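Before any comments, here is the structure.
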Amino acid sequence: MTPHRTCYKPAQRLRHCNHGYQWKNQSGPRNNSKRKNVHFDPVPMSYGQILPYLIDKGMVEPKPLKPMVPPYPSNFDVNARCDYHAGSPGHDIESCKAFKSK
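Anchor point for the sequence shown: position 88 equals 126 in the working numbering, and the numbering is continuous, going up by one each time.
Set out below in structure tokens:
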């Protein structure tokens, strides 16, 4: 049995002592939790009109997605293509949360 190390905190100074262990952030999001619905403010034109302007100004660049394999998520639209995701199928730019959050 190994002896238990104790860290003492001086009265006026905090001391960090983790003995090589990393603690997981207990307050952060968990992978198994469902995503919250995020509200995006309305914009005066379509996202399809905004994207070419932002690309031209170097403010965003298209991000290709890895190909999806079945079974597809319930919201996957095989006929839709997203210009922000370099034409990747599954959704269009108007419903692209990744682009809207940029």
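The C-beta atom is built at its ideal place from N, Cα and C for all residues, glycine as well.
The structure presented is a predicted model; accordingly, all values stated were derived computationally and were not measured.
Asked, Found
"Can you tell me whether GLY128 is buried or exposed? The criterion is at least 16 other CB atoms within 10 Å of its CB, across all chains shown.", "buried"
"By DSSP, does TYR125 sit in helix, in strand, or in coil?", "According to the sequence displayed, residue 125 carries Gly and not Tyr. Coil, per DSSP."
"Can you name the residues that DSSP bridges to ASP115?", "GLY128"
"At what residues does the alpha helix (DSSP H) containing PHE78 begin and finish?", "First-last for PHE78: undefined, no H or E at that position."
"How about PRO90 and ALA124: do their beta carbons lie closer than 8 Å?", "no"
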